[in-house]
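The structure appears right after this line, and notes come after that.
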Amino acid sequence: MSNNALGLLETYGYTPSIVALDAALKTANVTLKDFQITGGGLVTMMVEGDVAAVQAAIEAGNIAAETIGRVISQHVIPRPDIGLKSLLQSHEGKNKQPVEGPVSISLDEESQELEEKEATQELEEAPSQKLEEVEIQNKSENPGNHHNGKEIKIRSKKDLNRMKVVELRKMARGLDGFSMEAKTIKFANKSELVAALLSHFRMEVE
């Protein structure tokens with residue numbers, strides 16, 4: 001390869017991968033080698049450049065992606081073998097036009113399809129049985145029902161299921177006495193967050 005290192009970063013979800021790629025290209029003098037939607041909600045980006053530049057770019061991309069989503073894996077390959085070069089070039093030939101340098105990537109049909117699959121996956125995670133409504137009374141003296149000083153009104157699990165995972169995580173982090181630690185909240189899926197929030201609000205009502 002003309003460059004000294006290859007960096008790979010895999011995320012769950014399309015949006016975190018775009019944020020990661022943007023941060024990586026802005027942080028160091030690297031070029032985009034490939035950008036793949038591999039299925040199952042996984043997206044992989046590859047960048048090339050000097051070893052130090054690639055390491056800095058991948059680290060910046062990792063940090064940026066974790067602020068809004070989940071990073072599956074990251075790795076930097078110094079001086080990649082010639083066989084790997086052939087493999088990547090073969091893959092590029094099957095793709096659309098290769099992308100080089102800092103780029104602006106917009107949602108295309110493939111990314112929209114990925115978002116639809118993720119939305120369907122979230123709906124399938126919700127239990128099918130009817131769930132009782134959880135009424136949250138207006139108790140200004142109880143700080144547990146407040147998020148960053150603002151009162152929360154959640155009347156049923158449906159209210160939580162309508163929210164995005166990012167919104168649920170943000171709510172959980174701002175609740176006083178919430179059962180999950182910050183690190184657990186960061187990697188919890190939607191069903192786990194909804195269950196923990198329902199448990200939290202039931203405790204407050206009782």
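Counting from 1, one number per residue, gives the positions in the sequence shown under UniProt numbering.
All residues carry an ideal CB built from backbone N, CA and C; glycine is no exception.
Since the structure is predicted, the reported quantities are computational estimates derived from the model, not experimental observations.
- When only Cα atoms are considered, residue 65 and residue 17 end up about 6 Å apart.
- The closest CA to that of residue 10, considering only 39, 28, 4, 56, is found on 39.
- Assigned with DSSP and collapsed to three states, residue 61 falls in helix.
- Under the three-state reduction of DSSP, residue 49 is assigned to strand.
- For the pair residue 61 and residue 159, the Cα-to-Cα distance works out to about 33 Å.
- A straight-line Cα-Cα distance of about 42 Å links residue 58 and residue 202.
- For residue 35, the enclosing beta strand (DSSP E) stretches over residues 31 to 39.
- When only Cα atoms are considered, residue 48 and residue 176 end up about 44 Å apart.
- Comparing C-alpha distances from residue 84 to each of 46, 154, 162 shows the shortest one belongs to 46.
- By the CB criterion at 7 Å, residue 193 and residue 168 fall inside the cutoff.
- In this model, residue 32 and residue 26 are separated by some 11 Å (Cα to Cα).
- By alpha-carbon distance to residue 29, the top candidate from 80, 54, 75 is 54.
- Collapsing the DSSP output to three states places residue 167 in a helix.
- By the CB criterion at 7 Å, residue 5 and residue 76 fall inside the cutoff.
- DSSP, reduced to helix, strand and coil, places residue 68 outside both helices and strands of the structure shown, so it counts as coil.
- With 16 or more other Cβ atoms inside 10 Å of its own Cβ, residue 185 counts as buried.
- The continuous stretches of alpha helix (DSSP H) do not include residue 188, and DSSP gives it neither H nor E.
- Under DSSP, residue 174 takes part in no beta bridge, so it has no partner.
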